Structure formats: structure tokens, C-alpha cells
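Note that the working numbering has the sequence shown beginning at 46, numbered continuously upward.
For each residue, glycine too, the CB sits at the ideal point set by N, CA and C.
Since the model is a prediction, treat every value here as computed from it, not as a measurement.
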Amino acid sequence: MRIVERYLARSLFRSAAFTFLVLGSLVTMMVFSIMALRESMTFLTVTALLEVVGLLTLTQLEILIPLTVLIASIWTYGKAQADGEINAMREAGMSLFRVLQPAALLGALACLVLVLLGNRLIPWASYEQRLIGKRFLAESVDRLLEDERTAIRDRRFKCRWSRVEIDETGRPYLEDFVVAELENDVAEPVFTRAGRAIPFIDGPGGRLVLELHDLTYSVVGASESMRIALDLRALSEEPAPRRRAASLDYEELYSAARDEAGQDIGLQAEVELHARGAGAVSALLFSFLGAALGVLLGIRNRATIFAIGFLLVILLYFAPRLIGESLGARGLVAPGPALWCGNVLILGAGLGAWRRSRRR
Numbered sequence: 046m047r048i049v050e051r052y053l054a055r056s057l058f059r060s061a062a063f064t065f066l067v068l069g070s071l072v073t074m075m076v077f078s079i080m081a082l083r084e085s086m087t088f089l090t091v092t093a094l095l096e097v098v099g100l101l102t103l104t105q106l107e108i109l110i111p112l113t114v115l116i117a118s119i120w121t122y123g124k125a126q127a128d129g130e131i132n133a134m135r136e137a138g139m140s141l142f143r144v145l146q147p148a149a150l151l152g153a154l155a156c157l158v159l160v161l162l163g164n165r166l167i168p169w170a171s172y173e174q175r176l177i178g179k180r181f182l183a184e185s186v187d188r189l190l191e192d193e194r195t196a197i198r199d200r201r202f203k204c205r206w207s208r209v210e211i212d213e214t215g216r217p218y219l220e221d222f223v224v225a226e227l228e229n230d231v232a233e234p235v236f237t238r239a240g241r242a243i244p245f246i247d248g249p250g251g252r253l254v255l256e257l258h259d260l261t262y263s264v265v266g267a268s269e270s271m272r273i274a275l276d277l278r279a280l281s282e283e284p285a286p287r288r289r290a291a292s293l294d295y296e297e298l299y300s301a302a303r304d305e306a307g308q309d310i311g312l313q314a315e316v317e318l319h320a321r322g323a324g325a326v327s328a329l330l331f332s333f334l335g336a337a338l339g340v341l342l343g344i345r346n347r348a349t350i351f352a353i354g355f356l357l358v359i360l361l362y363f364a365p366r367l368i369g370e371s372l373g374a375r376g377l378v379a380p381g382p383a384l385w386c387g388n389v390l391i392l393g394a395g396l397g398a399w400r401r402s403r404r405r
């Protein structure tokens with residue numbers, strides 16, 4: 046690599062480091078604000094909240110890195126074009142292809158990093174942030190009953206109810222409550238029905254206590270009310286199943302897509318494999334697009350460049366990916382074309398900018 050190319054590469058990598066720090070800080074603050082608002086009235090401690098924010102930020106690296114490459118390439122080559130450096134290089138005999146080689150190097154490194162992160166770190170972060178929620182689930186009645194939950198079980202009891210209501214004192218209760226006592230795997234369960242069940246947490250004991258009223262049938266025939274206690278440690282101690290595609294590494298995704306083809310998990314695994322591959326390649330394509338746009342537009346205003354970068358990533362990468370994942374997961378479109386269409390758009394935009402840059 047010659048002196049001019051090394052100069053461009055140094056400028057490009059410095060710009061990429063600065064852009065990544067800025068974008069990473071913005072994403073972290075945004076995630077923290079959303080999570081703090083969401084969890085302010087629920088169960089997470091401050092330490093757990095910060096841990097979740099960190100893990101969620103890691104899961105956004107598959108978007109942060111391509112965006113960083115795009116913005117850094119536009120900035121570096123736009124500034125060089127505005128200062129007359131690109132024209133000087135071309136007049137000295139350098140082809141535009143050679144001028145863009147440092148951007149291709151940055152894109153290739155970003156692509157490699159995304160491939161490596163997509164196999165271990167990002168799936169691990171996705172899985173761990175689910176475990177944190179599961180760990181603290183046992184400390185909040187509100188969390189246990191949210192999202193229209195109508196069932197819960199531990200090692201001994203399985204409970205169902207029709208809906209959650211609020212009594213005159215503002216406390217939640219479960220209406221049309223049915224509990225099945227699971228003696229063992231062979232014997233039939235023993236059912237108890239109640240008009241309502243009032244839940245409360247026995248924190249030190251790690252139990253959810255349900256006070257049953259208006260019994261319509263019970264093993265204790267003479268009772269008008271009774272209590273049962275669910276051992277919530279069963280919810281927090283048993284590991285969450287690694288069945289979500291976002292939590293699986295490449296080998297697990299490939300096995301699921303091959304062994305469970307035609308089923309939901311197999312289809313989701315195939316979609317996730319294509320999404321990770323397309324996301325990694327997008328970093329390389331964005332480096333080409335960003336460098337060509339920088340030479341074409343010759344802009345050096347960071348605010349304008351950030352705005353252009355966000356707009357291009359949303360239109361050419363994020364929106365096609367969301368649509369492709371949705372269509373692919375439902376089996377309406379083959380996962381390959383659905384997930385790689387965004388890369389085709391990025392490549393088309395890059396080639397168009399490249400052709401116009403050569404005519405300058």
C-alpha cells in the first residue's frame with residue numbers, strides 16, 4: 046500500500062473509530078432511556094437494568110457496524126474530495142479503483158468482525174438479556190401477570206385463569222381460577238376451582254402465594270377459601286430454552302434449519318442464517334457506497350453526513366431486512382431472496398454512485 050493509500054486508510058480508520066464511539070453512545074443512551082421508562086415501575090434493580098442495557102447494545106452491533114462504515118467512508122472521501130485531494134490523486138495517475146481500496150479494506154474487516162460476532166457474542170448477549178428477565182421474574186406480581194399471561198406453573202402446580210382484574214383496593218386478582226395439583230407423571234391431576242385468586246409474593250421464601258376465594262370445587266370440600274404456594278425458584282433457576290433463533294450460533298442454526306425444516310423453528314433458523322450473512326456483507330457494500338458517495342458529493346459537514354448515513358441505512362438495509370424477516374418467517378417468500386434484497390439495493394446504489402464519480 047503506497048503513501049497516499051496509507052494516508053486515506055489512517056483517516057478512514059480514525060473516522061470509523063470516532064463514528065463508532067458516537068453511535069455507540071447514542072444507542073446506549075437511547076436503550077437506557079427506553080428500558081428505564083419501561084422498568085421504572087417493575088422489578089429490575091439498577092444493576093440489572095444497566096446489565097440489560099449493555100447486552101441490548103451488544104445486540105445492536107449488527108446495525109452499528111455497517112452504519113459506522115458508511116458514515117466513516119462518506120466523511121473521509123467527502124472531506125478529501127472537498128479539499129481537492131481526490132482530484133490531485135487522480136491527476137497524479139491513480140485510478141478511482143485504487144483510491145477506493147482503503148474503504149474496501151475497512152469494509153472487509155467490518156464484514157469479518159460481524160461474521161465472528163454473529164457466531165458467539167451477539168447470540169450470547171441476546172440469550173443473557175432474556176435470562177436476566179427470567180431471574181427477576183419471581184420478584185414481581187405485576188411482571189408475572191403482564192402481557193395478558195393466563196397461566197403459570199412450578200414443579201407441583203399448574204394454574205390457569207381467564208383474566209386479571211383489579212379489586213376496590215387497587216390490588217390485582219385472577220378471575221375464574223383453576224389449579225391442577227400434579228402429584229406425579231402417572232396419576233391424574235387434582236383440580237381446584239375458585240372464583241378469584243389473590244396473588245402476593247413471599248419474597249424470602251421465593252414463593253408466589255395464591256389466596257383462593259369462592260371455591261366451586263376443592264379437594265378440601267368444607268373450605269370456603271384456601272392458599273397454595275408456587276415455588277418461583279423453578280422459574281429462575283431452570284435455564285431459559287435456547288430455542289429462539291437469535292440466541293443460536295451458526296452450527297445450531299444450521300442444524301435447526303436442516304433437521305426441523307418445514308417447522309417454525311427451522312424456518313426461523315434459516316431466516317436468521319441469511320440475516321446474519323446479509324448483515325455482514327452489507328458492511329462491505331456500505332464501504333463501497335460510502336466512498337463513492339463521498340467522492341461524488343464532496344461534503345464534509347458531519348451533521349449532513351450522519352443524516353445521509355441514517356437515511357441510507359434505514360432505506361437500503363433496515364427496512365428491507367424487517368420486511369424480509371417478516372415475509373420469510375411466515376413462509377411467504379424464500380428466506381434467501383427476502384433477506385438479501387437489501388444488499389442488492391446497496392450494491393445498485395453503490396454502482397450508480399461509482400459511475401457518476403468516474404465522470405467527475
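- Just measuring C-alpha positions, the residue of L53, K124, S70 and L109 sitting nearest I344 is K124.
- Where Y218 is concerned, the enclosing beta strand (DSSP E) starts and stops at P217 to E226.
- In the displayed model, E96 falls within a helix according to three-state DSSP.
- Per the Cβ contact rule, the stretch 313-330 is in contact with the stretch 364-378 (3 or more Cβ pairs under 8 angstroms).
- The alpha helix (DSSP H) runs lying completely inside the stretch 95-143 and spanning 4 residues or more are 106-127 and 130-136, given in chain order.
- Per the coordinates, the alpha-carbon of S60 lies some 5 angstroms from the alpha-carbon of A117.
- Between the stretch 295-308 and the stretch 91-104 there are fewer than three C-beta pairs closer than 8 angstroms, too few to call the two in contact.
- Minimum Cα-Cα distance from A320 among the listed residues H258, E213, L159 and R194 corresponds to L159.
- In this structure I110 is not in contact with A54, their Cβ atoms being roughly 18 angstroms apart against a cut-off of 8 angstroms.
- Counting along the chain, I197 sits inside the beta strand (DSSP E) bounded by residues A196 to R198.
- By DSSP's assignment, T73 forms no beta bridge with any residue.
- If you draw a straight line from the Cα of L68 to the Cα of A274, it comes to about 47 angstroms.
- The C-alpha of S171 is placed about 10 angstroms away from the C-alpha of V97.
- Your pair Y122 and V340 checks out as a contact, with CB atoms roughly 5 angstroms apart and the cut at 8 angstroms.
- The Cβ atoms of A328 and G152 sit closer than 8 angstroms to each other.
- Scanning its chain for C-beta atoms nearer than 6 angstroms, with the 5 sequence neighbours on each side dropped, one finds around G163 the residues R321, in chain order.
- For the pair F363 and I79, the CB atoms are not nearer than the 8 angstroms cut-off.
- Taking the CA atoms as reference points, D259 sits about 48 angstroms from T104.
- DSSP places S207 in the coil class of the three-state scheme, outside both helix and strand.
- Between L176 and V358, the C-beta gap is not smaller than 8 angstroms, which leaves the two residues out of contact.
- Annotated as proximal: A394 and L361, with beta-carbon spacing under 8 angstroms.
- For A274, the enclosing beta strand (DSSP E) has its first and last residue at S270 to D276.
- Judged by pairs of C-beta atoms under 8 angstroms, the stretch 132-150 does not touch the stretch 202-214, as fewer than three such pairs exist.
- In the DSSP annotation of this structure, the continuous segment of the alpha helix (DSSP H) that includes R303 starts and ends at Y295 to D304.
- Cα atoms of I119 and S402: separation of roughly 13 angstroms, rounded to the nearest angstrom.
- In the DSSP assignment, A394 falls within the alpha helix (DSSP H) that extends over P380 to R403.
- In the same chain as Y218, and ignoring 5 residues on each side of it, the C-beta atoms closer than 7 angstroms to its own belong to E210, D212, R241, A242 and I243, in chain order.
- Residues L103 of the same chain have their beta carbon placed closer than 7 angstroms to that of L166, with the five preceding and five following residues left out of the count.
- T214 carries a coil assignment under DSSP once its states are collapsed to helix, strand and coil.
- Following the DSSP letters along the chain, one finds F333 inside the alpha helix (DSSP H) bounded by residues D309 to L342.
- Setting aside the 5 residues that flank it on each side, I197 is surrounded in the same chain by C204, each with a C-beta closer than 6 angstroms to its C-beta; the list follows chain order.
- Looking only at A352, G381, D304 and L101, the smallest Cα-Cα distance to A291 is reached by L101.
- Minimum Cα-Cα distance from G397 among the listed residues L253, P382 and A336 corresponds to A336.
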